[in-house]
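One structure is given below, encoded as C-alpha cells.
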Amino acid sequence: MTLGVIIGNRDFFPDSLVEKARTEIIEVFNSLKIKPILLDTTDTKLGGVETFREAQKCADLFKAHRDEIAGILVLLPNFGDEKGVADTLKLANLNVPVLIQAYPDDLSKMNVVNRRDSWCGKISVCNNLYQYGIKYTLTSQHVSAPADPNFQRDLLDFVSVCRVVKGLKSVRIGAIGARPGAFNTVRYSEKILQRNGITVTTFDLSEILGRANKLTGNDDKVKQHLESINAYASKGRTPNEAMIQIAKLDVVLKEIMEENVLDATAIQCWTSLQQNYGCNVCTSMSIMSENMLPSACEVDVTGTLSMYAMQLASGSPSALVDWNNNYANDEDKCVLFHCGNWAKSFLPDIQISNAPILGTSVGVENTYGALDGRTPAMPLTYGRISTDDPKGIIKAYIGEGELTNDPLETFGNRAVAQIPDLQGLMKYICRNGFEHHVVMNASKTASILEEALGNYMDWEIYKH
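Going letter by letter, the sequence shown gives residues 8 to 471 in this note's numbering.
Put into C-alpha cells, the structure is as follows:
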C-alpha cells in the first residue's frame, strides 16, 4: 500500500519538529510495510507544506504518483498551515481517503522552543477540509505520536479503508447466468452500481456449459484442475464422473475470469446447472472465494460485492450465507447456512458432498459438488450491501458478533452466530427490505467498513 504524506508546518513554530516528524513517519511506514510518497527536505523547507507554492510542489508530486497513492496522511508536528494542507489536497485532486494526525504536546516542554499546539491545529485543518468539501478520517485519539501503538493501529485501519475504497471503485463482477426465477430478493440495479465505479459483466449460462461440455477428462487442463480440487477438499463419496464434471466447469470459470479480468462472480447455481449439466458449482465457488476471488450463489451480484468489500477490509475470505434458522430459544443466536460454497477458511472439516434439499427436486445424483462442513468458533463481522432502486441509492448494514461452537446437527455449510440484539437487527433488515443473504467474515472490521462505505463511498450505512 502506498500513501502520500503531507507534513503541515507553520513558520512561527519550531522547525525542528517538522524535521523530526519526517524521520519518525518514514520509520513507522517502513516497520508497517507502507510506502510513503512525500516531499524531500530539499523540495521545500524541511519537506513540510505551508505556502501555496509548497502546496503546488506537493500536489505535483502526488499527481505524478496518482496510480500508486491509495490514501493520504496529514501529519501535524506543530499547528500546521490549514490552507497549505487543504490546497495540496485540492490541487492534487486524487479523491482518496485522508487521515488527519496531530502530535501531542509534552507538559514538561511547553516553552517556545518545543510547544506544538497541534491539538488546536488539527481542528483548524479539519475545518478547512470541511469547507473545501474534502472527506477525511480521524484518529481514535485527538492527538497521538507516530510511535504510539494506538496511532499505528489507526494507520493500519486507515490502510484497510483505503483498500476498500480503491477496490470498490474499480471492481469488475461477472454475473454468470440468469437470476433463478424464484429469487426476486437478489434483484439489483446495474446502473446504480456503475455510477459508483462497479462494473457488472453478464454471461449466459449456456456459454459456460457449452464450453465445459467440449472438454473431456483426458484434457490436460481438466486433469490439472481435478488434481487441484482433490488437494483442496476430500471427495468423500462423490463419483469420479461427477468429479470430472466439476473439474471441467472449474476450467471454464477460470478462463472466463481471466479473459474478462473479473474480480468476483455471482453464478446461477441452480436449477439449470443440475438439470442440464449434472453437478453443483459450489466447489469451484469455494475455491475462488478462498483465493480472494469471491463468488456468490443465485446470481447475487450485490452479495458478492459485499463479500469483496469485507475481503478488502480484513484481508481474508468472505462467505455468502442465509439468515436461516433460530437457535432454540436463544434470542441472540441463529443458524447460518448454505448448500455448500463457503471458502475453506470457514470449513476445517471440508468434504465434497451433495445438496439434499436441492436434490429433492433435481435428483441428489445431480448435486455432487456441494461442500459439507461446520464452521467452528471465530470472530464475526457480518453485513450486506444492496441497491435500493426506488431511492436510487446503495445502502448497507454491518455489525459484529461471534461464531460459536454450540451443537448443530445438520448438513451443508453451517454455523451458529451470536449477535447482540439479534431481534432488533432482524427487524431492521425486514423493515428496510434487505435480502435474506448476508455475508460473514472472520474479523472485527465493521468500523473500517463503516468509514469506507459511509464516509468515502457516501452510501447509506447502518452499523448495528
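No residue lacks a Cβ here, since even glycine has one placed at the ideal position from N, Cα and C.
Model, not experiment: these values are computed from the prediction.
Return the bridge partner residues of residue i from the DSSP annotation.
{"i": "GLU467", "result": "LYS402"}
{"i": "CYS341", "result": "ASN333 and ALA424"}
{"i": "ALA152", "result": "Looking at the DSSP assignment, ALA152 forms no beta bridge with any residue, so it has no partner."}
{"i": "ALA109", "result": "LEU83"}
{"i": "ILE205", "result": "Beta-bridge pairing links ILE205 to no other residue."}
{"i": "ASN43", "result": "First, the residue type needs correcting, since residue 43 is Pro and not Asn in the sequence shown. BP columns for PRO43 point to LEU10."}
{"i": "ILE359", "result": "LEU378"}
{"i": "ALA326", "result": "MET447"}
{"i": "GLY408", "result": "LEU387"}
{"i": "THR144", "result": "LEU106"}
{"i": "PHE210", "result": "ILE183"}
{"i": "ALA303", "result": "ALA273"}
Does the distance from the C-beta atom of residue i to that of residue j stay below 9 Å?
{"i": "TRP349", "j": "GLY380", "result": "yes"}
{"i": "TYR284", "j": "LEU260", "result": "no"}
{"i": "TYR239", "j": "THR290", "result": "yes"}
{"i": "ILE14", "j": "LEU46", "result": "yes"}
{"i": "LYS340", "j": "ASP413", "result": "yes"}
{"i": "SER151", "j": "LEU83", "result": "no"}
{"i": "SER325", "j": "TYR195", "result": "no"}
{"i": "GLY376", "j": "CYS437", "result": "no"}
{"i": "PRO21", "j": "ARG122", "result": "yes"}
{"i": "ILE205", "j": "LEU269", "result": "no"}
{"i": "ALA403", "j": "GLU442", "result": "no"}
{"i": "ASP211", "j": "GLY184", "result": "yes"}
{"i": "ILE294", "j": "ILE236", "result": "yes"}
{"i": "LYS52", "j": "VAL25", "result": "yes"}
{"i": "THR48", "j": "ASN462", "result": "no"}
{"i": "VAL308", "j": "GLU197", "result": "yes"}
{"i": "THR374", "j": "ALA362", "result": "yes"}
{"i": "GLU85", "j": "VAL56", "result": "The question names Glu, but residue 85 is Asn in the sequence shown. Contact flag unset, no."}
With residue i and residue j assumed to form a contact (beta carbons below 8 Å), what rounded beta-carbon distance in angstroms separates them?
{"i": "ALA109", "j": "HIS149", "result": "7 Å"}
{"i": "ALA2", "j": "LEU136", "result": "Nothing in the structure corresponds to residue 2, since the chain is present only between 8 and 471."}
{"i": "TYR389", "j": "MET299", "result": "About 19 Å separates the two Cβ atoms, so there is no contact after all."}
{"i": "LYS434", "j": "ALA453", "result": "Wrong, their Cβ atoms sit about 19 Å apart, outside the cutoff."}
{"i": "GLY224", "j": "ILE251", "result": "4 Å"}
{"i": "ASP396", "j": "ILE263", "result": "Contact doesn't hold; Cβ gap of about 27 Å is too wide."}
{"i": "GLU305", "j": "ARG186", "result": "7 Å"}
{"i": "GLU458", "j": "VAL103", "result": "Not really, about 13 Å apart at Cβ, beyond 8 Å."}
{"i": "HIS444", "j": "ARG391", "result": "7 Å"}
{"i": "LEU429", "j": "GLU338", "result": "6 Å"}
{"i": "ALA316", "j": "LEU456", "result": "6 Å"}
{"i": "ILE364", "j": "LEU378", "result": "At roughly 14 Å, the Cβ-Cβ gap does not stay under 8 Å, so ILE364 and LEU378 are not in contact."}
Does DSSP put residue i in a helix, a strand or coil?
{"i": "ARG130", "result": "Note on identity: in this sequence residue 130 is Ile, with Arg being the wrong assignment. In the structure shown, ILE130 sits in a helix (DSSP, three-state: H, G or I)."}
{"i": "PHE441", "result": "coil"}
{"i": "MET447", "result": "strand"}
{"i": "GLU75", "result": "coil"}
{"i": "PHE3", "result": "Outside the displayed span of the chain (8 to 471) sits residue 3, for which this structure offers no information."}
{"i": "THR367", "result": "helix"}
{"i": "THR95", "result": "helix"}
{"i": "ARG179", "result": "strand"}
{"i": "VAL12", "result": "strand"}
{"i": "LYS255", "result": "helix"}
{"i": "GLY376", "result": "coil"}
{"i": "ALA350", "result": "coil"}
{"i": "ALA185", "result": "coil"}
{"i": "ALA273", "result": "strand"}
{"i": "ARG391", "result": "strand"}
{"i": "GLY217", "result": "helix"}
{"i": "THR290", "result": "helix"}
{"i": "PHE158", "result": "helix"}
{"i": "GLY461", "result": "helix"}
{"i": "VAL56", "result": "strand"}
{"i": "ALA240", "result": "coil"}
{"i": "ASP164", "result": "helix"}
If I measure Cβ to Cβ from residue i and keep anything under 8 Å in the same chain, skipping five residues before and after, which residues do I get?
{"i": "PRO386", "result": "GLU407, GLU409, LEU410, ALA449, SER450 and LYS451"}
{"i": "VAL369", "result": "TRP277, THR278, GLN281 and GLN282"}
{"i": "LEU101", "result": "GLY11, PHE69, LYS70, ARG73, ILE76 and ILE79"}
{"i": "VAL229", "result": "LEU222, THR223, ILE251, ALA254, LYS255 and VAL258"}
{"i": "ALA154", "result": "GLU31 and VAL35"}
Just to confirm my understanding: we take residue i, look at its own chain, exclude 5 residues before and 5 after, and list those with CB closer than 7 Å. What are they?
{"i": "SER147", "result": "ASN157 and ASP161"}
{"i": "ALA303", "result": "ALA273, GLY310, THR311, MET314 and LEU327"}
{"i": "ALA99", "result": "ALA66, PHE69 and LYS70"}
{"i": "GLY342", "result": "Note on residue identity: the sequence assigns Val, not Gly, to residue 342. Cβ within range, chain order: ASN331, ASN332, TYR334, LEU415, ARG421 and VAL423."}
{"i": "ILE497", "result": "Any property of residue 497 remains undetermined from this structure, which presents the chain solely from 8 to 471."}
{"i": "SER177", "result": "GLY204"}
Please return the same chain residues whose Cβ sits closer than 6 Å to the Cβ of residue i, not counting the five positions on each side in sequence.
{"i": "GLY174", "result": "LEU319"}
{"i": "THR209", "result": "ALA182"}
{"i": "GLU89", "result": "SER131, VAL132 and ASN135"}
{"i": "VAL81", "result": "ILE13, VAL92 and ILE107"}
{"i": "LEU354", "result": "GLY380"}
{"i": "MET292", "result": "SER302 and ASN348"}
{"i": "HIS232", "result": "ALA254, ASP257 and VAL258"}
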